[in-house]
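This report concerns only the one structure given below.
Right under this line is the structure:
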């Protein structure tokens, strides 16, 4: 059972990290499609892309490096808030259903990675 949990953790964490890095890079590059989506479709300012992209990159580093369990908790919380915020932003703006897939997938991967993280990556409750 322990080996199964470790496999689930690493598969979810690697896919989560890949997704966050990929979307973070696109946001930091401020491609025309991303700028149009964030400003016109969702109604946020362009600088929001820099904020999201930067925090995603830092969050991936925090989740992947060993030790620092408190920082990992903050990174998971940040991923959860960012992706749930993306889902609700798309709902509020009336986006097409396909726009929900990415944020929902990353939200699920965040929860799975967090739930199955090994004991040495958890905050010790004492």
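In our numbering, the protein residues as written are 367 to 492. Quick reminder that beta carbons are idealized off the backbone N, C-alpha and C, glycines included.
| Item | Value |
| --- | --- |
| C-alpha gap between residue 484 and residue 423, whole angstroms | 22 Å |
| Reduced DSSP secondary structure (H/G/I, E/B, other) of residue 378 | helix |
| Whole-number beta carbon distance between residue 450 and residue 473, since they are thought to touch under 8 Å | 6 Å |
| Residue 393 classed as buried or exposed, judged by whether at least 16 other C-beta atoms fall within 10 angstroms | buried |
| C-beta atoms of residue 371 and residue 482 nearer than 7 Å | yes |
| Beta-carbon gap between residue 435 and residue 478 smaller than 7 Å | no |
| Rounded C-alpha distance that separates residue 383 from residue 426 | 6 Å |
| Separation of residue 480 from residue 400, as counted between CA atoms | 28 Å |
| Beta-carbon spacing of residue 428, residue 438 below 7 Å | yes |
| Cα-Cα separation between residue 389 and residue 487, rounded to whole angstroms | 25 Å |
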